[in-house]
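Remarks on the structure that follows.
Residue numbers (my numbering): 89 to 299.
Structure follows, in structure tokens:
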């Protein structure tokens, strides 16, 4: 993360680690893909992304001076690193029981863009992620200026779009499941990446606090 390319790549990997875990956004993606086909996934992530753009704007326009301060970057980096470790621990702990069922019953049909917004807001882990890991990442990205924040978001939303579009494609093609061994390997790899990034965030935080 010592470069703009590092910001984008690491943002992609951390976002992918969150996207691959089952949750409300995946549930509504499966439900709407059964009704609408492949485009449901991208449309849901459009709503999800619009919400996150609004949140980023609040962070950057409202708190840039605060979260851009070296001491704030240090505190936020340490906090984000701690939560990355916590999330990765949960992924490793649950890895043996994780699988994705792509045939779950669908609920009431809804606007997929609006569904992407509402399921994100309703997910407490989404809120927790953004006020800890996400805010810390924004603080680090701001050290590269606005372009750093833009590349952080591009990496982040690309991971979400790629994963949920693949889920939509599998559902619309009639695939009932993902090979559980492959899925668990992906989860394990993502959890391992999160540990590496957690250690990096911790080291970065300490560096800023002791500078």
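Built from N, CA and C at the ideal position, the CB exists for glycine as well.
Fill in: Minimum C-alpha distance to residue 206 - residue among 137, 105 and 97
Taking only the C-alpha atoms, the option nearest residue 206 is 137.
Worksheet item: With 16 other CB atoms within 10 Å as the buried threshold, where does residue 117 fall?
Response: So residue 117 ends up on the buried side.
Practice prompt. Starting from residue 236, follow the alpha helix (DSSP H) in both directions and report where the run begins and ends.
Written response: In the DSSP annotation of this structure, the continuous segment of the alpha helix (DSSP H) that includes residue 236 starts and ends at 234-260.
Discussion item. Only counting the same chain, and skipping five residues up and downstream in sequence, which positions put a Cβ closer than 6 Å to that of residue 244?
Written reply: Around residue 244: 99 and 103.
Worksheet item: Going by beta carbon distance, what residues of the same chain come within less than 8 Å of residue 156, once the five residues before and after it are set aside?
Response: Excluding positions up to five away in sequence, the list reads 227, 230 and 231.
Practice prompt. Count the other CB atoms, across all protein chains shown, that sit within 10 Å of the CB of residue 248; report buried if there are 16 or more and exposed otherwise.
Written response: Residue 248 comes out buried.
Worksheet item: Who are the near neighbours of residue 294 in its chain, counting only those whose CB is closer than 8 Å to its CB and skipping five residues on each side?
Response: These residues qualify, in order along the chain: 162 and 166.
Item to complete: Determine the burial state of residue 120: buried for a count of at least 16 other Cβ atoms within 10 Å of its Cβ, exposed for fewer.
Response: By the 16-neighbour rule on beta-carbons within 10 angstroms, residue 120 is buried.
Discussion item. For a test of the three-state rule: what should DSSP assign to residue 231, helix, strand or coil?
Written reply: Three-state result, residue 231: coil.
Worksheet item: What did DSSP end up calling residue 140 once you bin it into helix, strand or coil?
Response: If DSSP states are grouped into helix, strand and coil, residue 140 belongs with the helices.
Worksheet item: When you compare each of 273, 149 and 285 to residue 225 by their alpha carbons, which one comes out closest?
Response: Checking every option, the nearest Cα to that of residue 225 belongs to 285.
Fill in: Simplified DSSP state of residue 126, which is helix, strand or coil
DSSP places residue 126 in coil when its eight states are reduced to three.
Worksheet item: Considering only the beta carbon of each residue, do residue 297 and residue 204 sit closer than 8 Å?
Response: Not closer than 8 Å, so no.
Discussion item. Looking at residue 125: is its Cβ nearer than 8 Å to the Cβ of residue 290?
Written reply: In this structure, residue 125 sits away from residue 290, with a CB-CB distance that is not shorter than 8 Å.
Discussion item. If the criterion is Cβ atoms closer than 8 Å, does the pair residue 132 and residue 172 meet it?
Written reply: No; because the gap between Cβ atoms is not below 8 Å, this pair is not in contact.
Item to complete: Could you name the residues of the same chain whose beta carbon sits closer than 6 Å to that of residue 252, not counting the 5 residues immediately before and after it, in chain order?
Response: The residues are 117, 129 and 133.
Item to complete: Could you check if residue 179 is buried or exposed, using at least 16 other CB atoms within 10 Å of its CB as the buried criterion?
Response: It counts as buried.
Worksheet item: What do you get for residue 254, buried or exposed, if any count of 16 or more other CB atoms within 10 angstroms of its CB means buried?
Response: With fewer than 16 other CB atoms across the displayed protein chains lying within 10 angstroms of its CB, residue 254 is exposed.
Fill in: Within 8 Å, strictly: CB atoms of residue 242 and residue 96
Yes, these two residues count as a Cβ contact at 8 Å.
Fill in: Span of the alpha helix (DSSP H) around residue 95
Unbroken alpha helix (DSSP H) run through residue 95: 92-107.
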